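K.L.:
Here it is, the structure, as C-alpha cells.
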Amino acid sequence: MTQTAIPVIHSIPDGAALITTVLCEYPIPKPHSCKLYKRGLNDTYLVTTERENYILRVYRRGWRNKEEIDFELELLVFLHEQKQPVAYPIAKKKMVALLQTF
Numbered sequence: 024m025t026q027t028a029i030p031v032i033h034s035i036p037d038g039a040a041l042i043t044t045v046l047c048e049y050p051i052p053k054p055h056s057c058k059l060y061k062r063g064l065n066d067t068y069l070v071t072t073e074r075e076n077y078i079l080r081v082y083r084r085g086w087r088n089k090e091e092i093d094f095e096l097e098l099l100v101f102l103h104e105q106k107q108p109v110a111y112p113i114a115k116k117k118m119v120a121l122l123q124t125f
C-alpha cells in the first residue's frame, strides 16, 4: 500500500514553536507565551512578555501576494507615525525581511 501525501490548505502553527523559530528574531522581551487568539484568513496570536503584550499575525499562504502585504504593513507604519492607535509592525533584529515564510 502506497501512502499519498495530502496537500494542506491551512494549518495552525504551535505557539511554542513560533516563540523559538519566529519571535526570537524580533527585538521584544522574551515571550512567556504565544497563544492563538483568533483564527481567520490570518491567524492572530497573543504574545505575552513580562512587560508587554504583542500581536503576531500569521498570514494564510496564497491569500494575498507580497505586494499587498507590504502595502498593509506600510499603511500600519504610516498610521502609527500619525499617532493613530493601531497595531504596527516591528522590524526584525536583522532586517533581512519583515515577512518570514514557513
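Residue numbers (my numbering): 24 to 125.
Where is the CB? At the ideal position from N, CA and C, for every residue including glycine.
Computed from a predicted structure; not experimentally measured.
#1: Quick check on D66: does DSSP put it in helix, strand or coil?
#2: Run the CB neighbour count on V70, radius 10 Å, all protein chains shown included, and call it buried at 16 or more, exposed below.
#3: For the beta strand (DSSP E) containing H33, name the first residue and the last one.
#4: Closest by CA to Y68, which one among D93, I42, C47, P50?
#5: What separation, rounded to the nearest whole angstrom, lies between the Cα atoms of V100 and T72?
#6: Quick one: is the Cβ of V100 within less than 8 Å of any heavy atom of the ligand MG?
#7: Which runs of the beta strand (DSSP E) at least 3 residues long sit entirely within the stretch 37-99? Give them in chain order.
#8: What three-state label does DSSP hand I113 in the structure shown?
P.N.:
So, from the listed chains and residues:
#1: strand
#2: buried
#3: Neither: H33 is in no beta strand (DSSP E) and is coded neither H nor E.
#4: I42
#5: 22 Å
#6: This structure simply doesn't include the ligand MG, nor any ligand for that matter.
#7: 54-61, 65-72, 76-82
#8: coil
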